[in-house]
Structure formats: C-alpha cells, structure tokens
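Accompanying notes for the structure given below.
Numbering (this note's numbering), first residue to last: 1073 to 1131.
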C-alpha cells in the first residue's frame, strides 16, 4: 500500500521552448513544468492517519 500524502522523492522537469520569426528574432516562449512524485510505503501503525486497521486520510 502506498501512502496517499507522503512521498520520498520529487522530480521536477522544466522545458523551455521559444519561437522566432523569419529573421530569427524571438517572438515568444513557454516554460513547461512537470512534477513527478514517488510515494512512500504506508507506515500503518506508525502513522497518525492509521486507525482501526486502515488509512483514514481524507484528501
């Protein structure tokens, strides 16, 4: 079981794209950001959200 709110790593990827006209003059650009998370295994009894044998976390 993966923890729904606690993660052990975060990877951020940013890509810059730019556009130019026929004279090679920059006209505009755009930055795209993508974030990926690697979630931790559930801590079960050691987690404050664990009650009555299951995760009680409410997103």
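Glycine included, every Cβ here is placed at the ideal spot set by N, Cα and C. Small disclaimer: the values here were computed from a predicted structure and weren't measured.
{"Item": "Bounding residues of the beta strand (DSSP E) (the contiguous stretch that carries residue 1101)", "Value": "1098 to 1113"}
{"Item": "Residue 1094 to residue 1101 span [Cα, whole Å]", "Value": "16 Å"}
{"Item": "Per-residue DSSP class, three states only, for residue 1080", "Value": "strand"}
{"Item": "According to DSSP, residues forming a beta bridge with residue 1089", "Value": "1102"}
{"Item": "Check whether residue 1099 and residue 1085 have beta carbons under 9 Å apart", "Value": "no"}
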